[in-house]
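All remarks here apply to the structure that follows.
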DNA sequence: CGTTAGTTTGAGAGGACTCAAAGTCTGTGG
DNA sequence: CCACAGACTTTGAGTCCTCTCAAACTAACG
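Residue numbers (this note's numbering), protein chains in the order written: chain A, 1 to 188; chain B, 189 to 376.
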């Protein structure tokens, strides 16, 4: 569990009290590749932390699957992607490798928010980090060409290229899979 | 100031204590049209609430001005747009009408966060609202055509059309001003 | 090996952009 | 009260990026 606490302390330092309160609510679990960790994100009752492994969030848009988010090790699912109902429909999270996750129920989380001011702060700061990520994403979609977005992606996640199929990356980058293939070919 | 408190209470109900603590830190001011309310957002020391009037946030991208955000009455500047340094450079807020704003310094705000758990929660919830707005924006840019985005804009802000010049709206919607002009013409 | 998922390639279409010029509106000064 | 400068909007022509549809490959797995 130490890894998760490190992650949290890195956002904002927590007291020993708060830390052990958090620990008492955590559960660890291991799932294998292709497991659907979350069927319907908006109805998911838990927040997850990926200790080891890899995940992706996706949904359907006009019959096509859109990958929204990649969950590398040491990332949190819940605050990061939309965990609110959308008209778009199902938003799911699938594991792309054997993965160890740590979870806490939203019920317990809410209780911790109520009880510990500092945990509430933690939540605020994580939300703000998410805002920054989304703003960067907006900039990328709005101003960069498909080629530039792909290049940035390679820089940011060099190892994902091997692990993840082209189609997932293409939809993540907001472009057609065919387009990505051509871009990759034309490498330069 | 009651209007601002209503706004806040609407996000999450605040105790009388917290409310009067907030009130004691607020300042009201009135500025006229074209006034630059914030020169450099990332260095701005205050959070603003628009009680009456209209504002826009903008920045420069490759020499062109991009409008990022419109501040209608009852909206907050600070958490809503990026108030963090960006490589992009200057991010400013300009008033488009004579405007009454209520402000609080970030220093005081931090103090309130420290002192009142419930205000920290308020901050968290406002951040989450912002996340939702940004996700909608991403969906719009990524999946809707320029025409559709314009239509949605008209629905969402019907009165802004009269008040704001085309160029601002175009960049807000992530399209060329010339394109917007054609779209508007082709109405349907 | 055959079946299926995933990737590449080709041809053609369309949306949005750029550059450029013409029109329109608005406010100020003569 | 008119005229003109400056700002904003419209229109035209041409280009490019990305998409779609379709078909050919390739790789992986049972």
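All C-beta atoms, glycine included, are put in the ideal place defined by N, C-alpha and C. None of these values were measured; they are calculated from a predicted model.
Would you list, in chain order, the members of the stretch 337-369 of chain B that have their beta-carbon closer than 7 Å to a beta-carbon of chain A? Interface annotation for the stretch 337-369 of chain B against chain A: 362, criterion Cβ-Cβ distance under 7 Å.
Answer yes if the stretch 114-123 of chain A comes into contact with the stretch 36-43 of chain A, meaning at least three C-beta pairs across the two stretches below 8 Å, and no otherwise. No, because fewer than three Cβ pairs between the stretch 36-43 of chain A and the stretch 114-123 of chain A fall closer than 8 Å, the two stretches do not touch.
What is the DSSP secondary structure of residue 30 of chain A, counted as helix, strand or coil? strand
Just the chain B side, please: which residues come within less than 8 Å of residue 117 of chain A by C-beta, in chain order? 305 and 308
For the alpha helix (DSSP H) containing residue 305 of chain B, list its first residue and its last residue. 305-331
Helix, strand or coil at residue 52 of chain A [DSSP, three-state]: strand
Within 7 Å of chain A by C-beta, residues of the stretch 218-238 of chain B in sequence order: Along the stretch 218-238 of chain B, none of the residues has a CB nearer than 7 Å to a CB of chain A.
Would the stretch 325-336 of chain B count as touching the stretch 137-144 of chain A if we require 3 or more Cβ pairs under 8 Å? yes
Quick test of your reading: residue 242 of chain B and residue 287 of chain B, contact by CB under 8 Å. State the CB separation rounded to the nearest angstrom. At roughly 7 Å, the Cβ-Cβ gap stays under 8 Å, so residue 242 of chain B and residue 287 of chain B are in contact.
Name the DSSP beta bridge partners of residue 235 of chain B, please? B/292
Which residues in chain B have a C-beta closer than 7 Å to the C-beta of residue 142 of chain A? List them in chain order. 329 and 362
Mind checking residue 278 of chain B: buried by the 16 CB within 10 Å criterion, or exposed? exposed
The alpha helix (DSSP H) that contains residue 63 of chain A, what's its start and end? Looking at the DSSP string, residue 63 of chain A is not in any alpha helix (DSSP H), and its letter there is neither H nor E.
Tell me, please, whether the CB atom of residue 325 of chain B is closer than 8 Å to any CB atom in chain A? True, the Cβ-Cβ gap to chain A drops below 8 Å.
Below 7 Å on C-beta distance, what does residue 249 of chain B contact in chain A? 143
Where do the N-terminal and C-terminal ends of the alpha helix (DSSP H) with residue 41 of chain A fall, by residue? Premise fails: residue 41 of chain A is in no alpha helix (DSSP H) and is neither H nor E.
Three-state secondary structure (DSSP) of residue 280 of chain B: strand
Cβ of residue 374 of chain B within 8 Å of Cβ of residue 354 of chain B? no
Interface partners of residue 315 of chain B on chain A, CB under 7 Å: 124, 127, 128 and 131
Under 7 Å by beta carbon: chain B residues contacting residue 134 of chain A: 319, 322, 323 and 326
What's the C-alpha gap between residue 162 of chain B and residue 23 of chain A? As displayed, chain B neither begins before 189 nor continues past 376, which places residue 162 of chain B out of reach and without an answer.
Mind checking residue 318 of chain B: buried by the 16 CB within 10 Å criterion, or exposed? buried
Could you work out which residue in A/57, A/164 and A/72 is closest to residue 65 of chain A when comparing CA atoms only? Minimum Cα distance to residue 65 of chain A is reached at A/57.
Measuring CB to CB, does residue 25 of chain A end up less than 8 Å from residue 152 of chain A? no
Cut-off 6 Å between Cβ atoms - residues of its own chain near residue 172 of chain A, not counting five sequence neighbours on either side: Result list for residue 172 of chain A: 67, in chain order.
Measure how close the beta-carbons of residue 154 of chain B and residue 189 of chain B come, nearest whole angstrom, since I'm counting them as under 8 Å. Because chain B is modelled from 189 through 376, residue 154 of chain B falls outside the range shown and cannot be assessed.
Of the residues B/347, B/366, B/356 and B/364, which one's Cα is nearest the Cα of residue 261 of chain B? B/347
Excluding sequence positions up to five away, which residues of its chain have a Cβ less than 7 Å from the Cβ of residue 123 of chain A? 113
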